[in-house]
Each structure stands twice: as structure tokens, then as C-alpha cells.
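Structure, as C-alpha cells:
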Amino acid sequence: MIKQIVFSIALLITLGIFAYSIQRYFKYFKFTRKKSLGSIGKRLWKTLDVAGFQVKIFRRPLIGLVHALVFWGFMIILFGSIEMVVDGLFRTEKVFSVLGGVYTFLMAFGDVFALIILVAMIIFLTRRLILHVKRFSGVEMKPVSEYDAVLALTIIFVLMVSLLGMNTFYLKWAALTGAVVEGAYPVSHYLMSWFPHMTANEAWTLYQVNWWTHILLIFIFANILPYSKHFHVFMSVPNVFVSKVDPLGYVENMESITKEVKLMLDPNATFEEAPAEGAPERFGALDVEDLNWVNYFNSLACTECGRCTSVCPANITGKLLSPRKVMMDTRARMKEKGPGLVKEGKGFDDGKHLVMDYLTEEELWACTMCNACAQECPININQPSIILEARRYLVMEQSKAPAELNTMFANIENNGAPWQYSQQDRMLWAEGLEVPLMANKFANNEKPEYLVWVGSAGAIDDRYKKVMREFVKILNHLKVDYAVLGTEESDSGDVARRTGNEMLFQMQALTNIEILNGYEVKKIITCDPHDFNTLKNEYGDLGGNYEVKHHTQFLQDAIAEGKLSLDSDKFAGKKITYHDPCYLGRGNGEYDAPRTILKAIPSVKVEMEKNRSFAMCCGAGGGQMFKEAEKGEKEVFIERTEQALETGASIICTACPFCMTMMTDGIKYKNKEEEVKNYDIAELVSISLGL
Ligand code: SF4
Ligand code: SF4
Numbered sequence: 022m023i024k025q026i027v028f029s030i031a032l033l034i035t036l037g038i039f040a041y042s043i044q045r046y047f048k049y050f051k052f053t054r055k056k057s058l059g060s061i062g063k064r065l066w067k068t069l070d071v072a073g074f075q076v077k078i079f080r081r082p083l084i085g086l087v088h089a090l091v092f093w094g095f096m097i098i099l100f101g102s103i104e105m106v107v108d109g110l111f112r113t114e115k116v117f118s119v120l121g122g123v124y125t126f127l128m129a130f131g132d133v134f135a136l137i138i139l140v141a142m143i144i145f146l147t148r149r150l151i152l153h154v155k156r157f158s159g160v161e162m163k164p165v166s167e168y169d170a171v172l173a174l175t176i177i178f179v180l181m182v183s184l185l186g187m188n189t190f191y192l193k194w195a196a197l198t199g200a201v202v203e204g205a206y207p208v209s210h211y212l213m214s215w216f217p218h219m220t221a222n223e224a225w226t227l228y229q230v231n232w233w234t235h236i237l238l239i240f241i242f243a244n245i246l247p248y249s250k251h252f253h254v255f256m257s258v259p260n261v262f263v264s265k266v267d268p269l270g271y272v273e274n275m276e277s278i279t280k281e282v283k284l285m286l287d288p289n290a291t292f293e294e295a296p297a298e299g300a301p302e303r304f305g306a307l308d309v310e311d312l313n314w315v316n317y318f319n320s321l322a323c324t325e326c327g328r329c330t331s332v333c334p335a336n337i338t339g340k341l342l343s344p345r346k347v348m349m350d351t352r353a354r355m356k357e358k359g360p361g362l363v364k365e366g367k368g369f370d371d372g373k374h375l376v377m378d379y380l381t382e383e384e385l386w387a388c389t390m391c392n393a394c395a396q397e398c399p400i401n402i403n404q405p406s407i408i409l410e411a412r413r414y415l416v417m418e419q420s421k422a423p424a425e426l427n428t429m430f431a432n433i434e435n436n437g438a439p440w441q442y443s444q445q446d447r448m449l450w451a452e453g454l455e456v457p458l459m460a461n462k463f464a465n466n467e468k469p470e471y472l473v474w475v476g477s478a479g480a481i482d483d484r485y486k487k488v489m490r491e492f493v494k495i496l497n498h499l500k501v502d503y504a505v506l507g508t509e510e511s512d513s514g515d516v517a518r519r520t521g522n523e524m525l526f527q528m529q530a531l532t533n534i535e536i537l538n539g540y541e542v543k544k545i546i547t548c549d550p551h552d553f554n555t556l557k558n559e560y561g562d563l564g565g566n567y568e569v570k571h572h573t574q575f576l577q578d579a580i581a582e583g584k585l586s587l588d589s590d591k592f593a594g595k596k597i598t599y600h601d602p603c604y605l606g607r608g609n610g611e612y613d614a615p616r617t618i619l620k621a622i623p624s625v626k627v628e629m630e631k632n633r634s635f636a637m638c639c640g641a642g643g644g645q646m647f648k649e650a651e652k653g654e655k656e657v658f659i660e661r662t663e664q665a666l667e668t669g670a671s672i673i674c675t676a677c678p679f680c681m682t683m684m685t686d687g688i689k690y691k692n693k694e695e696e697v698k699n700y701d702i703a704e705l706v707s708i709s710l711g712l
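Numbered per our numbering, the sequence shown spans residues 22 to 712.
If you want it as C-alpha cells, here you go:
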């Protein structure tokens, strides 16, 4: 009876403190922006995949396996912990044993997992305290983070010791008294043999000591967690559920801007008045309450593991940016400002802000929007979305973009391209080639099957103009029914969007969509992965719905259909390495199409160490192509070129105009122009075909 009373009081205190701690965090959610979750089915599947099967943690197979075993082990041990609570409350003993075989099975696995988790804790502590694994350090990692981690790991270690102790002495007591053993405990059965001279009374006492140690430690741990980075124990699975389910390259539309842009483009346009509640007070995010609730949720779930920062090209090359810091700053800022918001409401101002006081402009502008961080995060946190919101604020509210970006914006506004180049010259790249224009086709009542989207780089950049020429030669060779927009095409707006100028993006997008829809375009092919992503994933939000293919996908299909035979000996014996463009690979999951094409070209293929979803960005995305890099130890393009050169390849193959510029610059920087060439995949195909 005393046990029951003491247990009930301990449980009540635990639940009370826990509820108090949780509500402190959760009452801040109402100050964040709204965001709808959309398809629940997709989310359940993602949760099963990422949380249940732990697929992302296995990106680092060895340590990933250890983490996954800990997660799965906790899930099973949780069953036993719930049983302990029921036993404690109702004076029962192993109450779930009524489940028979299932109970035996779960107890046996729980016993084995207790040992596995115990060993895992020793490994984790060794990595932190002795091996000093690099990703556990960084400017944002204060000593308190280390203490926090060590304390949590030690508590889990003791929890597992007490669990095994509990099982061992229970078995010992049963063996000495002849009591029926409920469940099976293979590890503890072995451990029991360590205590040959123990009496039944001693065994029962030690069983009770371990029982109480275990359950009270769970209660204490549960109340430490909300104040620790290990809060992710509670938050990680729900975080996966609310996380991004769209392709990583997709950026959500800003409805508030759409309304403004539509009014600018058509002053007679009318809109249904949006309800005032939930309407954004400013464009982008200056402070933490300007972020949406998922951003804040993400920050609470972040475990500070540093996987994101360890793959960030900006951080790798010595820039200030660390995606982990973005999440930690968001959480810290809400912790700082939250109480004031609760007290004084949304207008509360403490003179500080997330942007500028926590996240500096230097950090924010160093991001290449490559999404490597989001790809790497084991619980699907999306760090770039916070960086983008901050950029939106800097650009649209403060006009505080770096000077080169302002020039780029002005060029897009005036010329429809990020460079100073007249829109009327957008067909010069095709001089001497037969490239049909959509306007002419339409005038003849023809509707070509494909619209080939040339993109600003394809029309203007000297190197990429050559790629476009080779690609249309292939199309002509295949007798594809296509046309281009010519001088009617304008920049897709991708770079404007990713540098925070949503207004400019939407103006470009809506203008282009009007033209594309006017020509009743259904299918688009483009060589530019950035435009591919924008046209495929983002134009739909503004009324432009098309079937969009990247040129590598189109060429892959042509090979599969037997229309392209690439078995010439033009590249026989040459070593080719392929650099995955972020917006084709990570952004849209296309890794196979380029490799299938390369496979069809007789040559020697070598992969860089970082390839497919692990590929490092070339350094051009997120507007970096148009501005000086932030200071660091190295430029990203040099790092990536060095990785390509390490393969010993004589050809670095790309499938993106930005990557091409960066790789070409990298090869020049390394003085390797004689030995190493840079080709787009379309050029390799065209040369193989002898066009
Ligand atoms: S998107 Fe790329 S550059 Fe930006 S923070 Fe993430 S990993 Fe770093
Ligand atoms: S954002 Fe994700 S990957 Fe980065 S530190 Fe947090 S949990 Fe780890």
C-alpha cells in the first residue's frame, strides 16, 4: 500500500512538472505564423519511413545503426515502462503478462535491447569525451551543450543498468523461491549466474531497489528533457510528421505577395478579402514570431547532432553559416522572447531580433540553398526555410541585399535576365541553327509537343549557349516536335526567389505563365535544373501546370526507347566523373537519368566520394553565382572541383549551367585546363552522335 501511495505521488508530481514545462513551450506556438499540413496520408508514410524505419539515420551506416537500435530499443522498452506505471498504481506485478506469448517476446527483446542501448551509450560517450568527433563542436556549441549531452547519455546508461538489474534480480528471486517467471530475459538470465550465493530476500530487495531506481529515474529524466536538447526524445517523431513532404527544391508560395503582384500586373484585378487574422504582418521574418509554427517545432526537435552543419558547403569551407546554429538560435530566441509575448502580446518588443542579433547577414547570405542540411537531418528539419524567410525580410522590407544581388534584381526587372543583356538578344545563341519559334508555330496553327525552355544561362552565358546548341542539335536529330519562346521568354525568377525577392519571382513567374498558357504549353524540357525545379514544382501554385523534364530525363527516355545510340568510341578509355546538380539531385531526387546516359557512352565512369544525395554543392546556388562569396578558408567551387579532380577523371560532366560555370572556374583555378575538360551531358551525347 505504501509503495502504491509513494508511487502515485511521484507520478503526479512528475506529470504536473512535465505539463508545466511543456505548456511553457507550447503556449508560444500561438504567436507563430499559420501553416497548413495538407495531405495526412503522405505524412503518415513519411513518419513510418523516416521515424519508424529510421532511413535517414542510416545515411551514416555504422553510427546510424547504433542510433536506430537505440530508437527501436526505446520503443520496445517503453512497453515495459508503461507496465511499471500500471503495476505501481494498482499494486499488480507484471500486469501485462496476461498477453502471454507477445509479452514474453517483448520482454525478451527489451532485455536484449537494454544491453545494446547500454553499449551504445558507452560508444556515444566515448565519441564525445574521448574521440571529440568534429561535428559535436562549432561556434554555436557552448560547454552547456556538452554537459547536457553527457548528462542525458549517463542517465540513459544508468536506466539500462537498473533495467537489467531489475530483470536479473527478479529472475534470481524466482529461481530461489520457485515462483513462475513472467516473460523471458536472455541477457539477465546470464547475468543471474554472477550472483551464486544470493538469498531470496536479497534478490527481492535488489529487484525492488532497481525497480524504484529505474522508474524514478524515468520520472526525473522526463522532467529534465524539456530543458535539454534531448527534448527530441519526445519531439522527433511528431516533428517528422509535420516536416516537409514536398520535394526539397520546392519553396512554398507567398500568397500575400501574389495578391500584390497580381494587382501590379492588372490594377483591375479583384480579390476576395482575406481574413485579417493570420495575415502576415511583414514580408519574411525579422523575428521568431514571423516564422511559421513548423519552423518553431523544428527548433524544439533539433538534437544539435550537427549532421546538417557537417555537410553544409558554406561551413565546410570556413564560412560563418551553420544550419545547426540557425535552429539553435530560433529556439533560443523564442525562449528569450516568448515570456514577453505571453505577457504583452504580439506587439512585445525587447529591442532584439532573430535576424541581425542572432543570425547575421553574413551567415544568411552565405547559404547556397543546396538543401544538403535538410537532406541530412535525421528528423527532417528544414533549415533553409528559415534562412529564406530571413532573406525575404532583408530584401523586401529592408532592401538590404548585397549590392551585386541588387544589380542582378535590376537586370531581371529591366532585361528579363540576371545579366545586363537585352531580351531582344535571347535568340542569338541559336544563330545558324534551325530552332523553331513558338509564335511562328502557333501562327501556323501548330502546337508543338514540347516547349524547350532555354533559360537565362542557356540564352546568355557564352559557355552554356554552346550546350543549348548541342541540345537542340540532338532534338533536331531525333526529329522532336518542339519550339522555343525566343525573345518572349524571360528569366524564370528562380534566383530572385531564393535570394528573398519573392515579389520579383512572382512577377517573372506570372508573366511567363501567361505566355506559356497562351501557347497552351503542356510539356516542357529544360537543361537548367533550377528552372526545371521552378517550372515543375513552383509555377503550379501560380496557375502554370506543366509536365516538365530535365534534358537528362528526356535523353534517358530517348535511349530507353532505342532512339539514341551512343556506342561511338569518342570517349572510349576516358575517365568521366559526374557532378550532381543540387536542384536535379537533392531538390528533385533525379540521380539515375544522368548516370544512365553516361553508362550508354563507352568510357570509364568514376564517382566522386560525395555523390548522389551526398553530393556537395558547386557553390553557385541561392544567388551565390551573382555575388562575392562570404569570407572563409576557401571558395565552395574550389572544394568541389578538388573533389572531382581527386577521382583522376579527365572529364568533369555536369548537367546545369551554374555547375558548369563553377567547375570551369575551378579547373582554371587549379591550372588543369589542359588535362581536364568540363562538359554538359548534352555535349557528350551530341559528340557521341557526331552531330
Ligand atoms: S542549404 Fe546548403 S548552404 Fe544553406 S545552410 Fe543548408 S547546407 Fe548550408
Ligand atoms: S537540424 Fe537536424 S541535423 Fe541539424 S543539428 Fe538539428 S537535428 Fe541535427
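C-beta atoms are modelled at their ideal positions from N, C-alpha and C, and glycine is treated no differently.
Here the structure is a predicted model, which means the values were calculated and not measured.
Between residue i and residue j, is the Cβ-Cβ spacing less than 8 Å?
i           : j           : result
residue 756 : residue 626 : The chain is shown only over 22 to 712; residue 756 falls outside these bounds and no answer can be derived.
residue 142 : residue 174 : yes
residue 605 : residue 571 : yes
residue 324 : residue 344 : no
residue 49  : residue 368 : no
residue 767 : residue 379 : Since the first and last residues shown for the chain are 22 and 712, residue 767 lies out of range.
residue 684 : residue 668 : no
residue 213 : residue 184 : no
residue 79  : residue 327 : no
residue 349 : residue 167 : no
residue 16  : residue 72  : Residue numbering for the chain in the displayed model covers 22 to 712; residue 16 lies beyond these limits and cannot be assessed.
residue 401 : residue 265 : yes
residue 375 : residue 352 : no
residue 538 : residue 565 : yes
residue 697 : residue 673 : yes
residue 556 : residue 569 : yes
For residue i, which option in the options has the closest C-alpha, if you only look at C-alpha atoms?
i           : options            : result
residue 659 : 173, 686, 611, 652 : 686
residue 580 : 555, 615, 205      : 615
residue 675 : 484, 66, 374       : 484
residue 584 : 495, 518, 696      : 495
residue 335 : 306, 410, 385, 107 : 385
residue 190 : 244, 318, 67, 208  : 208
residue 122 : 202, 66, 144       : 202
residue 477 : 501, 449, 117      : 449
residue 247 : 322, 306, 216, 428 : 322
residue 701 : 681, 107, 28       : 681
residue 513 : 507, 534, 272      : 534
residue 717 : 443, 377, 437      : Nothing about residue 717 can be reported from this structure: the residues present for the chain run from 22 to 712 only.
residue 64  : 612, 339, 25, 267  : 267
For residue i, which residues does DSSP report across the bridge?
i           : result
residue 674 : 599, 700
residue 504 : 472
residue 571 : 547
residue 106 : Answer is none; residue 106 lacks a bridge partner.
residue 54  : 313
residue 625 : 596
residue 458 : 505
residue 376 : 380
Return yes when the C-beta of residue i is under 7 Å from any heavy atom of ligand 2, and no when it is not.
i           : result
residue 334 : no
residue 327 : yes
residue 348 : yes
residue 678 : no
residue 520 : no
residue 324 : yes
residue 534 : no
residue 345 : yes
residue 523 : no
residue 384 : no
residue 439 : no
With hydrogens ignored, establish whether the beta-carbon of residue i is closer than 7 Å to any heavy atom of ligand 1.
i           : result
residue 342 : yes
residue 405 : yes
residue 306 : no
residue 389 : yes
residue 408 : yes
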